[in-house]
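Residue numbers (our numbering), protein chains in the order written: chain S, 6 to 337; chain G, 538 to 786.
Ideal Cβ placement from N, Cα and C applies to all residues, glycine included.
Computed from a prediction, not measured in an experiment: that's the story for all the values here.
See below for the structure under consideration.
See the structure below:
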């Protein structure tokens, strides 16, 4: 069975936790830009966070199930409805055969996620279903696609409360091996500066703008090309920082001033154009404690889901429900 | 002129990476050291090591920080680094030599003549020198499976172009800074297009998706344009007529 794609935004791709292990072949790991959203979707559907989901950048689409399935919606909140009835974000819902799921524009953040029960079962390449468009792996989802999935259904709709990570804010960073290429005055100014997310952004990386002069390393143009890790903050020739994301190159000659720690990467990737970002240096030991706490939180997500109770006012077709069937006579 | 090699520098990459750097410039011995150390670490199979790779002059190790600490790995690494002079280590075993049929110049590789001129050779001499130089896969990057190859003779230490060539095809052999790159897909480049092959470095449809490994060696042997067209007509495996041999060590 499959999910039919009747319309779709220009930057929707299948993503899972990615394809680590191929740096030696020049292939970055790819995977969801906001991996926390995958864990949330998995918690809502009671399944493995390694399941593949549809990542929707900025805009969703119109989808129809060929059999009864369950879905969950996480990540950047988007307007969503099933057959014109609005549905709650950060929740799971049944999607019956023939019903149309419409996911519109993003309200906050960048990347929304559509999960299905059992995960999408599109083709794997090197152990992952993640598209990596800059490496010519997979392709953007397009109108007419039939996204393979399983007829896995649930028994009760659930929701999950999430903290806002969709409007920028403070990103914790660790010094990395090229940080000493920057003078202390530059590093201090970097940590004090309020940046604004620029217009140039995709799954490779996002540009940050700031007032005043750029942030240049010593001998900026003569640095031997060296390994890149996602979250690295690369300084281009103009001294503008770029936060590198899951489809970044595996090596690069531009110096990197610091690295956003993994637990703050969802917030980084979800920062919308124009939102403000600041960086806070933490030590490697502090970062490892923060990351450990984050991993513990991820493991607790399944226990934090709660029943989704529909408010009767939100049910436009209330009268069609057989509210009194099965009742016995008042006289008996 | 010999430069005293650097004591290997050990630094962190993000929260889960360790980088051992043998030189701050590309050099044959630093690259060999990086390849040899990576091979040694792969063989030692330490608990908590998730991935290793090499760049031009460094070895990278990614660890699972839930299983091991940086201190654990740094201590093990220090013992391995102190155990030998890595700049004089032999290259790892199990490497391959690839002989790849290559058209130098013609309209297929239009920047051969100017490259020869900048290097101070006639086109014929440049072809002779390039085609007999056995180059090593120094590292793979920029695009999946795409090798940086070298070192070439010092005459070929020529700068990158200021203006990008809008597009070179897959299999293009391009040159700058005493290195070659064999392009794995059609891409723009600031390197000079000196040869054209039908060799596909990245074969996503094949069982073995990546043709090359760091440390492999390549020879680009001259053929005519007609011969390349013939090879391209029956190139379903992507090998481009290349012959692969084991390197005995």
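Taking all protein chains shown into account, decide if residue 574/G is buried (16 or more other Cβ within 10 angstroms of its Cβ) or exposed. buried
Are the CB atoms of residue 45/S and residue 386/S within a distance shorter than 7 Å? Here chain S has residues from 6 to 337 only, and residue 386/S is not among them.
With contact counted as at least three CB pairs below 8 Å, one residue from each stretch, are the stretch 253-265 of chain S and the stretch 163-181 of chain S in contact? yes
Quick one: grab the DSSP three-state call for residue 116/S. Strand.
Tell me which residues share the same chain as residue 601/G and place their Cβ nearer than 6 Å to its Cβ, disregarding the 5 neighbours each side in the sequence. 585 and 587
Residue 750/G versus residue 690/G: straight-line alpha-carbon distance, rounded: 22 Å
Step through the CB atoms of chain G and report whether any lies within less than 7 Å of the CB of residue 239/S. For residue 239/S, the answer is no, since every Cβ of chain G falls outside 7 Å of its Cβ.
Completely contained alpha helix (DSSP H) runs for the stretch 218-302 of chain S, where each covers 4 or more residues: 270-274
Since I believe residue 187/S is in contact with residue 220/S (beta carbons under 8 Å), could you give me their beta-carbon distance rounded to a whole number of angstroms? 7 Å
Going along the chain, which residues of its own chain have a beta-carbon closer than 7 Å to the beta-carbon of residue 13/S, five neighbours each way excluded? 66, 146, 147 and 148
Evaluate the contact criterion for the stretch 232-246 of chain S versus the stretch 204-216 of chain S: three or more CB pairs, one atom per stretch, below 8 Å. yes
Count the other CB atoms, across all protein chains shown, that sit within 10 Å of the CB of residue 553/G; report buried if there are 16 or more and exposed otherwise. buried
What are the start and end residues of each continuous beta strand (DSSP E) run of 3 or more residues lying completely inside the stretch 543-619 of chain G, in chain order? 546-550, 554-558, 586-591 and 595-600
What does the Cβ neighbour count give for residue 704/G, buried or exposed, with the cut at 16 atoms within 10 Å? exposed
Residues of the stretch 127-145 of chain S in Cβ contact with chain G at a cutoff of 9 Å, in chain order, please. So the list reads 130, 131, 137, 139, 140, 141 and 142, given in the order they occur along the chain.
Around the Cβ of residue 781/G, are there at least 16 other Cβ atoms within 10 angstroms (buried) or fewer (exposed)? exposed
DSSP-derived helix/strand/coil call for residue 24/S: coil
Flag residue 817/G as yes if its beta-carbon sits less than 7 Å from any beta-carbon of chain S, otherwise no. With chain G covering only 538 through 786, there is no way to say anything about residue 817/G.
Taking the DSSP output, what are the residues bridged to residue 86/S? Residue 86/S is bridged by DSSP to 91/S and 107/S.
Amino acids of chain G, ordered along the chain, whose beta-carbon sits closer than 9 Å to that of residue 229/S: 558, 560, 561, 562, 563, 592, 593, 594 and 595
Just verifying my parser: in three-state terms, what is the DSSP assignment at residue 769/G? helix
Could you name the residues of the same chain whose beta carbon sits closer than 7 Å to that of residue 198/S, not counting the 5 residues immediately before and after it, in chain order? In chain order, 215 place their CB closer than 7 Å to the CB of residue 198/S, counting only its own chain and leaving out the 5 sequence neighbours on each side.
Mind listing, in chain order, the continuous alpha helix (DSSP H) runs of no fewer than 4 residues lying wholly within the stretch 662-692 of chain G? none
Can you check which of these residues, 52/S, 37/S and 38/S, is closest to residue 307/S by C-alpha distance? Selected option, being the one with the closest Cα: 52/S.
In terms of alpha-carbon separation, which member of 713/G, 735/G, 688/G and 616/G lies closest to residue 722/G? 735/G
Does the Cβ of residue 724/G have 16 or more other Cβ atoms within 10 Å, making it buried, or fewer, making it exposed? buried
Between the C-alpha atoms of residue 648/G and residue 702/G, what's the straight-line distance to the nearest angstrom? 10 Å
For the alpha helix (DSSP H) containing residue 194/S, name the first residue and the last one. Unbroken alpha helix (DSSP H) run through residue 194/S: 189-197.
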